[in-house]
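Only one structure is covered here, and it is reproduced in the block below.
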Amino acid sequence: MSETVRRETVIISGAGGGIGTATAQSFLDGSFNVVLVDLSEENLDRTVARLRAPENTVLRLPGDVSQEKTCQTVLSATLDRFGSVDVLVNNAGIIRREPTEETSLENWNQVLSTNLTAAFLMTRHVVSAMRAARKGSIVNVASRAAKRPHRNASPSYGASKAGLIYLTRHVAFEFAPYGIRANAVCPGPVETDMFRKIDPERRRQITAEIPLGRAASPEEVADLILYLAGPRSSYITGEAVNINGGSFMD
Ligand code: NAD
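Residue 52 in numbering that gives the first Met the number 0 sits at position 53 of the sequence shown; the count goes up by one each step and never skips.
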């Protein structure tokens, strides 16, 4: 006699981008329902068109995750449609590349609210549902810039991602008694629009400095996210895992 296995559900922010799309496909391949959230309707449509998904396993939700109302709507729409939220991937992010003296307060606030406050807001709402279920996993997409300053990122970007690592550790610590884990990934350059916008010569220099000699593919990052979200990493929590081709090793 065959039993029906319940599909688990993941919410992915920034799902319209390169890492978001690859992550959505990885979770679909891992038999999850996927909730795709993105500010850009155009990006979301492109992602949905690319995904190989069984019927009724994808929920497309346009919205700005730095707005609390969006986070509330995303949670309630997810529970209405799929009945649970098992994994949250805080992936939405923007980068700025200006140095400190050229960083306006407005730009600073925009980067911090997209990369850090949005993850806090999504976590705050989603973790209540996870706590009630006494299970859940959160993966935050940080960056190697969280750990080492470099010329291609503004102080706002590095500070937002360093803050995201702290948030990860705090959530891991606070919610461990409820069976909820939280981890971060820290990619070096990844072949997405964010990296392709850098001029080709500079991109060549950046990849030449990486011991493995290339940027990551979005799928490589997605595989790590799926691993950290799932049962195979059940004793890992509060970690900020490098995926940077050997750029640095701590
Ligand atoms: P991307 O630009 O392809 O995708 C980012 C997506 O986030 C876009 O679709 C964008 O519309 C969405 N987004 C931005 N602000 C949003 C908001 N407020 N609400 C909802 N959606 C929003 O970039 P990517 O490379 O896929 O980046 C994904 C994550 O990976 C980001 O957090 C980024 O900082 C991080 N990262 C990327 C690289 C890289 O080299 N590409 C390296 C390290 C870390």
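Cβ coordinates follow ideal geometry from the N, Cα and C atoms, glycine included.
Residue i (DSSP reduced to helix, strand or coil)
| i | result |
| --- | --- |
| Val170 | helix |
| Arg147 | coil |
| Thr20 | helix |
| Thr250 | Here the chain covers residues 0 to 249 and nothing more, so residue 250 does not appear. |
| Glu97 | coil |
| Val125 | helix |
| Pro186 | strand |
| Ser153 | coil |
| Ala251 | For residue 251 there is no data in the structure shown, the boundaries of the chain being 0 and 249. |
| Ser159 | helix |
Rounded C-alpha distance that separates residue i from residue j
| i | j | result |
| --- | --- | --- |
| Met0 | Leu78 | Residue confidence for Met0 is low, a pLDDT of 45 falling below 50, so the modelled location carries little weight; the figure read from the coordinates is stated next. Straight-line Cα distance between these residues: approximately 29 Å. |
| Gly162 | Thr122 | 14 Å |
| Asn182 | Ile235 | 8 Å |
| Arg59 | Ala132 | 24 Å |
| Glu7 | Ala141 | 24 Å |
Contact test: residue i Cβ vs the ligand NAD heavy atom, cutoff 8 Å
| i | result |
| --- | --- |
| Arg192 | The question names Arg, but residue 192 is Asp in the sequence shown. Because some heavy atom of the ligand NAD lies under 8 Å away, the Cβ of Asp192 counts as near it: yes. |
| Asn114 | yes |
| Arg150 | no |
| Pro217 | yes |
| Ile137 | no |
| Pro188 | yes |
| Ala158 | no |
| Leu87 | no |
Worksheet item: Which full runs of the alpha helix (DSSP H) of 4+ residues lie inside the segment 197-224, going along the chain?
Response: 199-207
Worksheet item: Taking the runs of the beta strand (DSSP E) that are 3 residues or longer, which of them lie wholly in the segment 70-114?
Response: 86-89
Worksheet entry | Whole alpha helix (DSSP H) elements within the segment 31-70, 4-residue minimum | 40-49
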